[in-house]
Each structure stands twice: as structure tokens, then as C-alpha cells.
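A.B. asks: To start, I am sharing the structure in question, which I have written as C-alpha cells.
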Amino acid sequence: MFPARRLPGGCRAIRPHHLRHHSVPSASPNLAFVPACLPPHPAEVEEMQRFISNSKKLFVMTGAGISTESGIPDYRSEGVGLYARSDRRPIQHAEFVRSATARQRYWARNFVGWPQFSSHQPNTAHLVLRHWEKLGKLHWLVTQNVDALHTKAGSQRMTELHGCTHRVFCLTCGDQTSRSELQEHFEALNPGWKAEALGVAPDGDAFLTDEQVRNFQVPACRKCGGILKPDVTFFGDTVSREKVDFVHQRLAESDSMLVAGSSMQVARSSSHASFCFCTALSAAALGPVAEDSCLLADHHSHFSFSVIIVVGIWIHSCPVWASLQLHYQQCL
Numbered sequence: 001m002f003p004a005r006r007l008p009g010g011c012r013a014i015r016p017h018h019l020r021h022h023s024v025p026s027a028s029p030n031l032a033f034v035p036a037c038l039p040p041h042p043a044e045v046e047e048m049q050r051f052i053s054n055s056k057k058l059f060v061m062t063g064a065g066i067s068t069e070s071g072i073p074d075y076r077s078e079g080v081g082l083y084a085r086s087d088r089r090p091i092q093h094a095e096f097v098r099s100a101t102a103r104q105r106y107w108a109r110n111f112v113g114w115p116q117f118s119s120h121q122p123n124t125a126h127l128v129l130r131h132w133e134k135l136g137k138l139h140w141l142v143t144q145n146v147d148a149l150h151t152k153a154g155s156q157r158m159t160e161l162h163g164c165t166h167r168v169f170c171l172t173c174g175d176q177t178s179r180s181e182l183q184e185h186f187e188a189l190n191p192g193w194k195a196e197a198l199g200v201a202p203d204g205d206a207f208l209t210d211e212q213v214r215n216f217q218v219p220a221c222r223k224c225g226g227i228l229k230p231d232v233t234f235f236g237d238t239v240s241r242e243k244v245d246f247v248h249q250r251l252a253e254s255d256s257m258l259v260a261g262s263s264m265q266v267a268r269s270s271s272h273a274s275f276c277f278c279t280a281l282s283a284a285a286l287g288p289v290a291e292d293s294c295l296l297a298d299h300h301s302h303f304s305f306s307v308i309i310v311v312g313i314w315i316h317s318c319p320v321w322a323s324l325q326l327h328y329q330q331c332l
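Numbering (the UniProt record's numbering), first residue to last: 1 to 332.
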């Protein structure tokens, strides 16, 4: 009734409207930012089981949708994503670098949102991927997320494509510190400052008014007085060539690829690393991975493997993840 949609190059796409919420006792999912969907058809679960069982060196790419059941909103989900709830957009790299006011606003919002954002825990999907790594099924994991949930789950064969909010560095001298240590510095500089959040963003920022952030004090680098920035690739910024080449090599070594929790929608005009990497995924898949993606159809692949794309938001509290976990254990 709900077969997975077939794509060029032997790809499979499972549409988000085929899924809905199902509680998983071991995960206690937070459904506040998970869109309501229909359940997966058994045929889809079986196809995913076959796909995973046949994979020997699985390459996985995850996006914001994989963390929604940990209580972190994504950007595009209908009704619950950032773009549906607000007209706010992520900060641009150039704006952060050139404007002290923009940095003050960013850090004030981040300061308020950090206690909640840093407390989020991995859900079933993160734990299953960690287990696949331990069993030797997962060759490499690339995440677009900056929430550190894969790290908290114990994943090691992993690249954080866009960095991680739990690290901070100086734009001048490169000195690095933990975000939790910076939080203590913020508190020392702003002993009487308080603000109530009006909402939350996928990167952990709280929604505040300009009036609320006006008196917030932002520390400089303790070593050189330079600008402190989270170790995150902002929109308009680029990822290092070394990291991109490393990920491409891991992709070339793989025999199958699973994309979960990502719509693969990145504006062509952006220099954000996602566009470049999504284009590589398009080439690997011998065609566009989804009809609404940014990818190009005229690429020719020098890779040879099967691909399943979970288009849009992957509701991982549904039985699919648990079924795949049980099925793979039974095949050992």
C-alpha cells in the first residue's frame, strides 16, 4: 500500500508521510517537535531490513530530523520546524564576524538556550547506529547536526560535517575551549542578567527580543582578546578541504548508503558545505536523490553501491529502527 518510492540509480526513498509516532520503551521519545505522520507499511520495514542485511560497509548521513525525538526541533517539518514556527533564520557567518551587535545577540540567545540544549540525550536512532558500528556493520557516519548526540551515544567512526556547539574557538589565535566552560564565563560577566526564552531553535538558541539582549556582556578570548565563535559551520561559511576529502574517501570505501533525517535541501547560492557534499551524494546515487532536493541529475558516478534515502524527517520512534536492530542481531 505504501511502497518505498524508486529513484534513479537503484535508490529508494521513504517519504515522511508514511510514518507516525510509536513509542519505544527504551528511548522515551520527546514528541514536541515531531510532525504527525502515518505508520510505515510492513513492506517498507522489510525493504529496509534487506538493505541493512545486505550492506557490508554502510555509509550513513544524518540530519536534523534524527534528533527531533530527543527534543531538538528541525528546520523544515510542517507545523513544528523552525521555519513553521518563526520567521527567524540561522545567523550568517559574515554577519557574525563583522558585527559586534550580531555576536552579542547570538551569544545572549545561546547563553539562555544552552542549559536545555546541552542536556538533550540520544534517542533510539543514535543508539542503533552506535550498535551497528560496534557490530562492524557501519563503516562511517557523517552528521550535519551540531548537537553532539552521536558522540553522547558513543559513536566513534564519525565526522561532524558542520562542527559541534560543545566546542568554542578563537578566530584569531585558534585557542579552543569547551562550551560549558564558556557558560561559566558568561555567568561571571553577567551576574544579574536574566531573560526568559520565547522559543527555541535547532542550534540551541533561545528566542529573545533586542531589548533583552541589550546589556548582555560577551567575553573575548582569554589568550589574545580575539572573537570567540562556536566550532560550527555557519551558513555562508565553508568546511575545510581536508574534512571534505576525508568524507569523500570514506564514501568511496562503502558499498551502501543510508541518509536519515535530512531533506537534502540546501540553497545552491549558499557556500555551506552541505551543498557541495549533497552534490557528491547525487553523483554517488547516479542521479538526484529526491525530487525536491538541490541535487543535480547530470552527474556520472564513479561509485557503485545501493542507496536508501529517508526523505525529509525520519520518525525513528516508529518500529523500523527497533525492527532493524532485532533483525540484524538475528542475522549474526
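Backbone N, C-alpha and C define an ideal beta-carbon position, used for all residues, glycine too.
If I follow the unbroken beta strand (DSSP E) through residue 346, where does it start and stop?
C.D. replies: Residue numbering for the chain in the displayed model covers 1 to 332; residue 346 lies beyond these limits and cannot be assessed.
A.B. asks: Is the beta carbon of Thr143 sitting closer than 8 Å to the one on Leu127?
C.D. replies: For the pair Thr143 and Leu127, the CB atoms are not nearer than the 8 Å cut-off.
A.B. asks: Compute the Euclidean distance between the alpha carbons of Asp203 and His166, then round it to the nearest angstrom.
C.D. replies: 11 Å
A.B. asks: Taking the continuous alpha helix (DSSP H) assigned at Asp210, which residues delimit it?
C.D. replies: 210-213
A.B. asks: Can you look up Leu258 in the DSSP assignment and give me helix, strand or coil?
C.D. replies: Three-state DSSP puts Leu258 in a strand.
A.B. asks: Starting from Lys229, follow the beta strand (DSSP E) in both directions and report where the run begins and ends.
C.D. replies: 228-232
A.B. asks: List the endpoints of the continuous beta strand (DSSP E) containing Thr143.
C.D. replies: Its beta strand (DSSP E) spans residues 138-143.
A.B. asks: Can you list, in chain order, the residues of its chain with a C-beta nearer than 6 Å to that of Thr172? Leave out the 5 residues immediately preceding and following it.
C.D. replies: Cys224, Gly226
A.B. asks: Would you mind stating whether Phe216 and Gln92 have Cβ atoms separated by less than 8 Å?
C.D. replies: no
A.B. asks: Could you tell me how far apart the beta carbons of Asp147 and Ser55 are, in whole angstroms, since I believe they sit closer than 8 Å?
C.D. replies: That belief does not hold up - the Cβ atoms of Asp147 and Ser55 are roughly 26 Å apart, past 8 Å.
A.B. asks: Could you tell me how far apart the beta carbons of Asn110 and Asp210 are, in whole angstroms, since I believe they sit closer than 8 Å?
C.D. replies: About 16 Å; that fails the 8 Å criterion.
A.B. asks: Going by beta-carbon coordinates alone, are Gly163 and Thr233 separated by less than 8 Å?
C.D. replies: In this structure, Thr233 lies closer than 8 Å to Gly163 by Cβ.
A.B. asks: Over the uninterrupted alpha helix (DSSP H) stretch that includes Asp104, give me the two end residues.
C.D. replies: With the sequence shown as reference, residue 104 is identified as Gln, and Asp is not the correct amino acid for it. Element bounds for Gln104: 100-117.
A.B. asks: Around the C-beta of Leu189, are 16 or more other C-beta atoms found within 10 angstroms, so that it is buried, or is it exposed?
C.D. replies: exposed
A.B. asks: Which term fits Gln249, buried or exposed, when burial requires 16 or more other beta carbons within 10 angstroms of its beta carbon?
C.D. replies: Looking at its Cβ environment, which holds fewer than 16 other Cβ atoms inside 10 Å, Gln249 is exposed.
A.B. asks: Let me check understanding here. Comparing Cα to Cα, which of Phe51, Thr238, Phe59, Trp132 lies closest to Ala252?
C.D. replies: Comparing Cα-Cα distances from Ala252 to each of Phe51, Thr238, Phe59, Trp132, the minimum goes to Phe59.
A.B. asks: Considering just the uninterrupted stretch of the beta strand (DSSP E) at Thr177, what are its terminal residues?
C.D. replies: Element bounds for Thr177: 176-178.
A.B. asks: Under 8 Å, do Ser254 and His150 count as touching if we go by C-beta distance?
C.D. replies: Not closer than 8 Å, so no.
A.B. asks: Can you find the residues in the same chain that come closer than 6 Å, C-beta to C-beta, to Ala195, ignoring five residues on each side of it along the sequence?
C.D. replies: Val112, Leu208, Gln212
A.B. asks: Quick check on this structure: which residue in His185, Met158, Gly236, His120 has the alpha carbon closest to the alpha carbon of Cys221?
C.D. replies: His185
A.B. asks: Quick check on Leu58: does DSSP put it in helix, strand or coil?
C.D. replies: strand
A.B. asks: By Cβ distance below 6 Å, which residues in the same chain neighbour Ala102 in space, the five residues on each side in sequence not counted?
C.D. replies: Glu95, Phe96
A.B. asks: Since Gln121 and Lys152 should fall inside the 8 Å C-beta cutoff, what is the C-beta to C-beta distance between them, to a whole number of angstroms?
C.D. replies: 6 Å
A.B. asks: Are there 16 or more other CB atoms within 10 angstroms of the CB of Ser155, so buried, or fewer, so exposed?
C.D. replies: buried
A.B. asks: Could you pull out every residue in the same chain whose Cβ sits closer than 6 Å to the Cβ of Tyr107, ignoring the five residues on either side in sequence?
C.D. replies: Reading the sequence as shown, one finds Trp at residue 107 and not Tyr. Val218, listed in sequence order.
A.B. asks: Going by the CB atoms, is the gap between Val259 and Met61 shorter than 8 Å?
C.D. replies: yes
A.B. asks: Nearest to Lys134 by CA position, among Ile72, Phe246, Arg157, Arg98, is which residue?
C.D. replies: Closest in alpha carbon position to Lys134, among Ile72, Phe246, Arg157, Arg98, is Arg157.
A.B. asks: Is it buried or exposed, Pro230, if we count other Cβ atoms within 10 angstroms and call 16 or more buried?
C.D. replies: buried
A.B. asks: Relative to the alpha-carbon of Phe117, which residue among Asp175, Arg241, Ser180, Arg214 has its alpha-carbon at the smallest distance?
C.D. replies: Answer by Cα proximity: Ser180.
A.B. asks: On the premise that Phe235 lies in contact with Pro115, defined as a C-beta separation below 8 Å, what is that separation, rounded to the nearest angstrom?
C.D. replies: Their Cβ separation, rounded to whole angstroms, is 25 Å, which puts Pro115 and Phe235 out of contact at 8 Å.
A.B. asks: Straight-line CA distance for Thr131 to Asp175?
C.D. replies: One detail in the question is off: residue 131 reads as His in this sequence, not Thr. Across the structure, His131 and Asp175 are spaced so that their CA atoms are roughly 34 Å apart.
A.B. asks: Just list the residues that DSSP pairs Phe235 with in beta bridges.
C.D. replies: Gln92
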